[in-house]
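Beneath this line is the structure, given in structure tokens, with notes to follow.
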Amino acid sequence: MIREGGCLCGAVRFTTDGEPVNVRICHCRRCQKAMGAPFFARALFDPKAVAIRGEVASYSSSDTLDRVFCPACGTRLFSRRTNGTAIGIALAAFDDRNAFTPTEHIWVSEKPAWVTVQDGLPQHPEGPT
Numbered sequence: 007m008i009r010e011g012g013c014l015c016g017a018v019r020f021t022t023d024g025e026p027v028n029v030r031i032c033h034c035r036r037c038q039k040a041m042g043a044p045f046f047a048r049a050l051f052d053p054k055a056v057a058i059r060g061e062v063a064s065y066s067s068s069d070t071l072d073r074v075f076c077p078a079c080g081t082r083l084f085s086r087r088t089n090g091t092a093i094g095i096a097l098a099a100f101d102d103r104n105a106f107t108p109t110e111h112i113w114v115s116e117k118p119a120w121v122t123v124q125d126g127l128p129q130h131p132e133g134p135t
């Protein structure tokens with residue numbers, strides 16, 4: 007299935023082909039800082055399944071992960087593994103914001119105290135086991 011999305015100003019558009027590897031909500035501190043939000047809800051894809059149109063900028067938040075955003079409007083769109091094996095697309099950046107439903111929470115040990123997770127999904131204190 008083909009799904010599309012993009013940034014707030016429309017300068018960056020993307021298309022995904024097929025189903026994601028997984029759909030998770032990450033509560034780690036780096037995702038909080040990078041997204042400017044209490045968590046990062048994302049669908050993980052093989053980079054070969056993602057086509058990006060428009061100019062993007064990136065910031066290396068660690069040795070293994072780049073954060074990709076629109077340089078015009080600042081919309082945070084993707085996390086991209088530096089080894090080229092995966093790209094995590096922000097769920098809210100899809101045109102259909104209900105295209106994917108998360109299946110688990112990771113790094114809940116780092117979530118803000120005021121965030122409660124009561125959706126019944128599996129929760130991992132750190133990364134998935």
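Residue numbers (the working numbering): 7 to 135. For glycine and all other residues, C-beta sits at the position ideal for the given N, C-alpha and C.
Between PHE51 and ILE93 a beta carbon distance of about 5 Å is seen, short of the 8 Å cut, so the two are scored as contacting. Taking a C-beta distance under 7 Å as the contact criterion, THR81 and THR70 do not qualify as a contact pair. Around the beta carbon of PRO134, a 10 Å sphere encloses fewer than 16 other beta carbons of the protein chains shown; the residue is thus reported as exposed. Shown here, GLN129 sits in a strand according to DSSP, grouped into three states.
Closest in C-alpha terms to VAL74, from the list PRO26, ASP23, MET41 and ALA105, comes MET41.
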